[in-house]
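Participant: Encoded as structure tokens, here's the structure I'll be asking about.
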Amino acid sequence: MADEVLSMIVSAKLIPPPEAYAARSYLSSYGEYRAKYQASIDDPAAFWDEIADELVWQQRGKTVIAGDLPDFQFFPGSYINVCENCVDRHAKDPMYRNKVALFFEGENGERKSVTYLQLQDAVSRFANALKDLGLRQGDVVCVYMQNLIETYVALLACLRIGVLYNTVFAGFSAEALRERIVRCGAKAVICANGSLRRGRVLRLKETVDRALEGVETVEHVIVYRRLADLDTPMTPGRDLDFESLVEGASRDCPPAVLEANEPSFLIFTSGTTGRPKGIVHAGGGFLLGTYAYTKYQLDLRPEDIYWNTADIGWLTSHIFVLVGGLALGTTTLLYEGALDWPKPGRLYEMIERYRVNKLFSAPTAYRMMMKHGEDVARSYDLSSLELLVSVGEPFNPEAWHWVRRVVGGDVAVINNTWGQTETGGTPLALMPGAVPIKPGSCGVPFFGHDLAVVDEQGREVPDGVPGYLVIRRPFPSLARDVYGDRSLYLNAYFSRMPGLYFTGDSAVRDADGHFWVLGRVDDVINVSGHRISTMEMESSLIQHPAVVEAAVVGEPDEVKGQVPVAFVTLERGWEPGAELEEELKARVVADIGSFARPARVYFVAAMPKTRSGKILRRMLREILQTGEVKGDVTGLEDWEVVERLLHDLRERAPGHE
Ligand code: PRX
């Protein structure tokens, strides 16, 4: 980002939190936030101990924090069950038990809901069914489902008995699913038979069948019939019906006694090495962290009607709905499909129908609202909204202001939060009601979190100067491992700056103490909030016989934030053209999923490289964005390659096609 643009953004004026909001939030002034933050940094154990008081423990010892990064524990030797905290404690409470825990709406308009008591019943039965199938504490099951009440039942059942779940986004292809199943050695797969997306039926069970070809570890596939009329092939002896299992099982299933630092679930993310990493979170730590983030950053209360549009395949739902949301006893809306289907106002219609007062989404969805225009928004009553939350990618100030004015009626608080799959929560955000708002910033550090912006040597840089975002102390929800690969965990996050957690993001802190996350420093691009490794895409492309070399870079996109664009060089004898371009795009879709589909493929004669043979992706990015090369070219091996590249690209420019 150019220096002048950066300084203009970070010097934006602070907007005080609305008074009405401040009056009823957990924290009501900036002074209160500052004092509590300082106290939590001076004595983090005291802060987390206070949060722990609000949870139900099976056994709680005295030690709060043991060790330091990267070998740390929270509440070692203490025992806690996440499911008990999310479900049973409310199901036991006469004030909560008949309250709706989850509303569900399908893309086709189908509606359902479940109370806390009903949820406890379904979860306990399903947990017993899993036990009857022989699943034990520490086994892994893979969950391939869209947002459904049954998905929550499945995940909570795993948490109840200490079976590790691994959710895989139901938009991933059979190949990507297979890799994630094999890498975690899953013993069972739980899936829906199908899902609806933009009016189309996605045949999830068939994808699972293809993914499982040749996979030895999976003994059972449990299928929830989301679409009753969908013809669903079942393999006898392996495949089981979700609902029959629930009906046939006993509802008596005490929550397992689990140590707070034991692995609880895993979730794959794309990493710099190109191979997806199975991030492991600890049960007690994740609960402790997500409870605190959800309480203070969303100001979430039992009386809220809250809608988080994230898919269960992404960690955001686990942080802010499955664990954080339910632990706080709130009522949450789950939605299956596309937010602007079958009409642009679908999202607004649902806000109006349920009187949603807290909405959690991603910048790509907020930009989609802006694209559909003001008239669509104005034809619905959105006056219930008081908080709009965002995570996943930069929230550009233009969209921010539009959303606040049009969707938030100029009064709603917009909370742009920053977090990662690895951080298991959002270390940066506003505390709505207490912290002044800065359009587009990621807010301020959360209690007990010591964030800094540093240079290559790990030294803090002055405010206003961009650097690497790091976290200097352990916090409960930080990932504890990479499944089956401790050295990858240590290498990826703790080797670059020993003693610090390296986020892989660049950031700047402004004079008001707000942080601005600028982007990744590695080769990961962010498409509609989905983190995709460019290396994973490149390795898919080079498996095509035509391709010799491939480089993928992100290009800015108005709605999606970034889209992938591929550059390839071809084997002799292959002809560049539209047909081959389609084939290569289809290859990436088949290997990863349709969300990773390259927007364009450029066939180029050669790649710009360093003298040591590394492809200069930075230069490709610059050429793509500006049509020229002005940046540092000292590392370039052969200038002629760039000239040829610029020529090739001009040939492809609009008007030449
Ligand atoms: O680069 C940052 C970007 O998204 C990355 C994390 O992606 P993921 O693990 O998929 O997110 C899970 C969210 C719980 C970060 O490393 N990112 C996230 N939030 C923001 C952001 N970039 C800019 N602004 C944000 N608010």
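Those letters in the sequence shown? Residues 1 to 657, per UniProt numbering, in order.
Each residue gets a CB set at the ideal place from its N, CA and C atoms; glycine is no exception.
Between tryptophan 400 and the ligand PRX, is the CB less than 7 Å from at least one heavy atom?
Facilitator: Tryptophan 400 Cβ: outside cutoff for every heavy atom of the ligand PRX.
Participant: Quick one: complete beta strand (DSSP E) runs, 3+ long, within the segment 582-656?
Facilitator: Qualifying beta strand (DSSP E) stretches, in chain order: 600-603.
Participant: Ends of the beta strand (DSSP E) at glycine 519?
Facilitator: Segment 515-520, the beta strand (DSSP E) holding glycine 519.
Participant: At what residues does the beta strand (DSSP E) containing tyrosine 224 begin and finish?
Facilitator: Counting along the chain, the beta strand (DSSP E) containing tyrosine 224 begins and ends at 220-224.
Participant: Taking isoleucine 222 as the reference, which of Leu518, Thr235 and Asp241 has the closest Cα?
Facilitator: It is Asp241 whose Cα lies nearest to the Cα of isoleucine 222.
Participant: With a threshold of 7 Å (Cβ to nearest heavy atom), would glutamate 303 be considered close to the ligand ADP?
Facilitator: The model depicted lacks the ligand ADP and carries the ligand PRX instead.
Participant: Please go through the same chain and pick out, in chain order, the residues whose beta-carbon is closer than 6 Å to the beta-carbon of alanine 605, but skip the five residues on each side of it.
Facilitator: Contacts found: Arg644.
Participant: Determine the burial state of histidine 656: buried for a count of at least 16 other Cβ atoms within 10 Å of its Cβ, exposed for fewer.
Facilitator: Reliability fails at histidine 656, whose pLDDT of 42 lies under 50, so the model's placement of it is uncertain and no value is given.
Participant: Taking DSSP as the reference, what is the three-state secondary structure of aspartate 68?
Facilitator: Reduced to three states, the DSSP call for aspartate 68 is strand.
Participant: Helix, strand or coil for asparagine 416 per DSSP?
Facilitator: Looking at asparagine 416 - three-state DSSP - the assignment turns out to be strand.
Participant: Who are the Cβ neighbours of arginine 111 in its own chain at under 8 Å, not counting the five residues just before and after it?
Facilitator: So the qualifying residues of the chain are Phe103, Phe104 and Glu105.
Participant: May I ask which residues mark the beginning and end of the alpha helix (DSSP H) holding lysine 371?
Facilitator: Counting along the chain, the alpha helix (DSSP H) containing lysine 371 begins and ends at 363-372.
Participant: According to DSSP, simplified to helix, strand and coil, what is residue 672?
Facilitator: The structure shown does not extend to residue 672, since the chain is modelled only from 1 through 657, so no value can be given for it.
Participant: In this structure, how does DSSP classify tyrosine 144 when only helix, strand and coil are distinguished?
Facilitator: It is a strand residue.
Participant: May I ask you to report which of helix, strand or coil DSSP gives arginine 531?
Facilitator: Three-state result, arginine 531: strand.
Participant: Per DSSP, which one or two residues make a beta bridge with glutamate 526?
Facilitator: The question names glutamate, but residue 526 in the sequence shown is asparagine. Per DSSP, Arg531.
Participant: Buried or exposed: where does histidine 647 fall if 16 or more other Cβ atoms within 10 Å of its Cβ makes it buried?
Facilitator: Histidine 647 is exposed by the Cβ-count criterion.
Participant: In terms of residue numbering, what span does the alpha helix (DSSP H) encompassing lysine 277 cover?
Facilitator: Looking at the DSSP string, lysine 277 is not in any alpha helix (DSSP H); the run it does join, the beta strand (DSSP E), is 276-282.
Participant: Any idea if alanine 91 is buried or exposed, counting beta-carbon neighbours within 10 angstroms, 16 or more meaning buried?
Facilitator: Looking at its Cβ environment, which holds 16 or more other Cβ atoms inside 10 Å, alanine 91 is buried.
Participant: Could you pull out every unbroken beta strand (DSSP E) segment of at least 3 residues lying fully inside the segment 448-526, listed in chain order?
Facilitator: You should have 451-454, 467-471, 501-509 and 515-520.
Participant: Under three-state DSSP, which class holds arginine 60?
Facilitator: Coil.
Participant: With distances taken from CA atoms, which of Arg238, Leu227 and Ser195 is nearest aspartate 209?
Facilitator: Selected option, being the one with the closest Cα: Arg238.
Participant: In the DSSP assignment, what are the bridge partners of proline 76?
Facilitator: DSSP output for proline 76 lists no bridge partner at all.
Participant: Would you report the Cα separation of aspartate 231 and threonine 207, rounded to the nearest angstrom?
Facilitator: Approximately 14 Å between the Cα atoms of the pair.
Participant: Glutamate 19 by DSSP, collapsed to three states: which one?
Facilitator: If DSSP states are grouped into helix, strand and coil, glutamate 19 belongs with the helices.
Participant: For the ligand PRX, is there a heavy atom less than 7 Å away from the beta-carbon of tryptophan 314?
Facilitator: Tryptophan 314: yes, Cβ under 7 Å from the ligand PRX.
Participant: Identify every residue that forms a DSSP beta bridge with lysine 358.
Facilitator: Its beta-bridge partners are Tyr306 and Leu387.
Participant: Buried or exposed: where does glycine 373 fall if 16 or more other Cβ atoms within 10 Å of its Cβ makes it buried?
Facilitator: Label assigned to glycine 373: exposed.
Participant: Label tryptophan 639 either buried or exposed according to how many other C-beta atoms from any shown protein chain fall within 10 Å of its C-beta, with 16 as the threshold for buried.
Facilitator: When all chains shown are included, tryptophan 639 counts as exposed.
Participant: Is the closest heavy atom of the ligand PRX to the C-beta of cysteine 442 under 7 Å?
Facilitator: For the ligand PRX, at least one heavy atom lies less than 7 Å from the Cβ of cysteine 442.
Participant: Let me know if glutamine 146 comes out buried or exposed under the rule of 16 or more other beta-carbons within 10 Å of its beta-carbon.
Facilitator: Glutamine 146 comes out buried.
Participant: Give a single yes or no on whether proline 394 has its beta carbon closer than 7 Å to a heavy atom of the ligand PRX.
Facilitator: Correct: proline 394 has its Cβ closer than 7 Å to the ligand PRX.
Participant: Please classify alanine 546: does DSSP put it in a helix, a strand, or coil?
Facilitator: Looking at alanine 546 - three-state DSSP - the assignment turns out to be coil, as it is neither helix nor strand.
Participant: So, at 8 Å on beta carbons, what are the nonlocal neighbours of leucine 490 in its own chain, with the 5 sequence-adjacent residues on each side left out?
Facilitator: Here the set comprises Pro70.
Participant: Using 8 Å as the cut-off, can you tell me whether the segment 190-202 makes contact with the segment 212-228, which would need three or more C-beta pairs spanning the two stretches below that distance?
Facilitator: Output reads yes: the segment 212-228 touches the segment 190-202.
Participant: In the segment 169-218, which residue ranges form an unbroken alpha helix (DSSP H) of at least 4 residues, counting only runs that do not cross its ends?
Facilitator: Complete alpha helix (DSSP H) runs here, min 4: 174-184 and 204-211.
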